[in-house]
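Under the working numbering, think of the first position of the sequence shown as 124, with each following residue one higher. Built from N, CA and C at the ideal position, the CB exists for glycine as well. As the structure is a prediction and not an experimental result, all values here were calculated from the model. First comes the structure, then the notes that go with it.
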Amino acid sequence: MSNLVIFDTSIFIDHLRTGCHQQRIESLTGLIRTSSAVLAELWRGVTEPAERGFLRALEKNHPILTRTENNWLESGRLLAQIYADKGFTPDKLRDLHLNILIALTARSHGARLITSDRTDFEMISLYRKFQLEIW
């Protein structure tokens, strides 16, 4: 199990809305890193001052991992493969794109990705192996 941990957007949304992951987050071992794609998704939906404060603290306290040129290229190839296999609509492929980039970023850094989005990330892991933990 990797010492680096990246939380998917779904974990932070669950945490902000319900606090349901509080104990697990507090007991987690490892170095928390933040994906720039996760931050972008979170900032897109911010509506409250407390949420803005949470994101600023997240940016300040945890190093940000950004996808590479190879991650971008691989994500496009992977989306083409998924489209050929599953025939997803353009809207579904667009929704998957950031999740694929998050997974590839975690993979590139040898980080464990923690998510509550079982469906998308388990499907992505069938195409590219990465360390995945579902909460």
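Are there any heavy atoms of the ligand NAD lying less than 7 Å away from the beta-carbon of residue i, as far as the coordinates show?
i	result
Ile-225	With respect to the ligand NAD, the structure offers nothing, as it holds no ligand at all.
Which residue wins for smallest C-alpha separation from residue i, given the options the options?
i	options	result
Glu-192	Gln-146, Ser-231, Glu-182	Ser-231
Leu-165	Ala-226, Leu-249, Ser-125, His-138	His-138
Leu-219	Thr-242, Leu-151, Arg-235	Thr-242
Phe-135	Leu-236, Arg-251, Asn-194, Ile-247	Leu-236
Asn-194	Leu-227, Arg-167, Ala-207	Leu-227
Ala-234	Asn-184, Arg-175, Leu-255	Leu-255
Leu-178	Ser-248, Glu-245, Leu-216, Ala-163	Ala-163
Leu-188	Ile-225, Phe-253, Thr-132, Thr-141	Ile-225
Phe-170	Arg-140, Leu-201, Lys-183, Ile-129	Sequence inspection shows Thr at residue 170; the Phe mentioned does not correspond to that position. Nearest option by C-alpha distance: Arg-140.
Glu-153	Arg-167, Val-128, Pro-172	Glu is not the amino acid found at residue 153; the sequence shown has Gly there. The candidate whose alpha carbon is nearest that of Gly-153 is Val-128.
Around the Cβ of residue i, are there at least 16 other Cβ atoms within 10 angstroms (buried) or fewer (exposed)?
i	result
Glu-197	buried
Ser-158	buried
Asn-126	exposed
Ser-133	buried
Ala-229	buried
Asp-240	buried
Using beta-carbon positions only, say whether residue i and residue j come within less than 8 Å of one another.
i	j	result
Ile-257	Thr-238	yes
Ile-205	His-185	no
Arg-251	Leu-201	yes
CB-CB under 8 Å to residue i, same chain, minus the five flanking residues each way: which ones, in chain order?
i	result
Arg-175	Val-169
Considering only residues of the same chain and omitting the five flanking positions on each side of residue i, which have a CB-CB separation below 7 Å?
i	result
Leu-221	Ala-160, Glu-164
Leaving out the 5 sequence neighbours to the left and right, which residues in its chain are closer than 6 Å to residue i when beta-carbon positions are compared?
i	result
Phe-130	Ile-237
### Message
I'd like the ranges of any beta strand (DSSP E) spanning at least 3 consecutive residues and lying wholly in the segment 172 to 257.
### Response
Given a length threshold of 3 residues, each whole run of the beta strand (DSSP E) inside the segment 172 to 257 is given here in chain order: 235 to 238, 254 to 257.
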